[in-house]
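Trainee: If you read the sequence shown in our numbering, its first letter stands for residue 6, the second for the next number, and so on.
A virtual CB, placed ideally from N, CA and C, is assigned to each residue, including glycine.
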Amino acid sequence: MAKARSVLELGPGTGAFTTAIDEVLPEGASYLGLELNQTFVDQLRQQHPRMRFEAAPCQEFDFAGSLGPDCSFDSIVSGLPWTNFPAAAGGDPRSRAAQATTGRGVCHLCYAGFHMLPQGQRFRALLKERCVELRTSSTVWGNLPPAFVYEAVVVSRPEA
């Protein structure tokens with residue numbers, strides 16, 4: 006993240022991950038947080054004035070119209086409980102983000118236990134199918150509920 010030039014965060018909520026991203030995001034890098042709750046968006050805009058937040062679902066956000074036809078993200082970060090979302094409900098946000106960007110690094114927070122359920126297995130299979138590399142962090146047992154992170158490489162990074 007410290008080398009990212011552009012970051013997309015899906016569902017920043019009250020900003021737990023956003024604060025950590027803001028601390029390491031390089032000067033001049035761009036950030037877009039898509040959040041459904043307008044109150045959270047207003048609070049995040051005050052707390053993180055150098056970052057951009059929009060109240061919109063990823064499935065409906067006009068990336069090209071808002072950011073230009075060449076929009077791309079180095080990293081996509083999300084703490085949303087993907088295993089709880091039906092993929093067909095209004096379009097799959099993960100697919101929409103992947104189609105709208107050329108994101109290379111994707112991090113998804115997952116709650117331990119849920120990944121063993123059928124929808125969790127489908128989510129992992131989806132990540133494996135769409136990524137050239139998939140790593141899993143160790144479980145953070147002190148988190149409630151315990152959680153781990155999937156870190157995925159969607160396409161290989163061009164050499165800088």
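How would you write the range of the alpha helix (DSSP H) that T19 sits in, first residue to last?
Mentor: Counted from its first residue, the sequence shown places residue 19 at position 14. DSSP places T19 outside any alpha helix (DSSP H), giving it a letter other than H or E.
Trainee: Less than 7 Å between C-beta atoms, sequence neighbours within five positions excluded: which residues of the same chain meet that for A165?
Mentor: The count along the sequence shown starts at 1 and reaches residue 165 at position 160. In this prediction, A165 has a pLDDT of 40, which is less than 50 and means its spatial position is unreliable; nothing more can be read from the coordinates.
Trainee: Per DSSP, which residues does T141 bridge with? Please list them.
Mentor: Taking the sequence shown and counting its residues from 1, the one referred to as residue 141 is at position 136. Y155.
Trainee: Excluding the 5 residues flanking Q126 on each side, which residues of the same chain have their C-beta closer than 8 Å to its C-beta?
Mentor: Numbered from 1 along the sequence shown, position 121 holds the residue referred to as residue 126. Taken in chain order, the residues that qualify are H120.
Trainee: The alpha helix (DSSP H) that contains A130, what's its start and end?
Mentor: Translated into the one-based positions of the sequence shown, residue 130 becomes position 125. Counting along the chain, the alpha helix (DSSP H) containing A130 begins and ends at 123-135.
Trainee: Classify P174 as buried or exposed, calling it buried when 16 or more other Cβ atoms lie within 10 Å of its own Cβ.
Mentor: Residue numbering for the chain in the displayed model covers 6 to 165; residue 174 lies beyond these limits and cannot be assessed.
Trainee: Give the straight-line distance between the Cα atoms of S142 and Y155, rounded to the nearest whole angstrom.
Mentor: Residue 142 sits at position 137 when you count from the first residue of the sequence shown. Residue 155 sits at position 150 when you count from the first residue of the sequence shown. The alpha-carbon atoms of S142 and Y155 are separated by roughly 7 Å.
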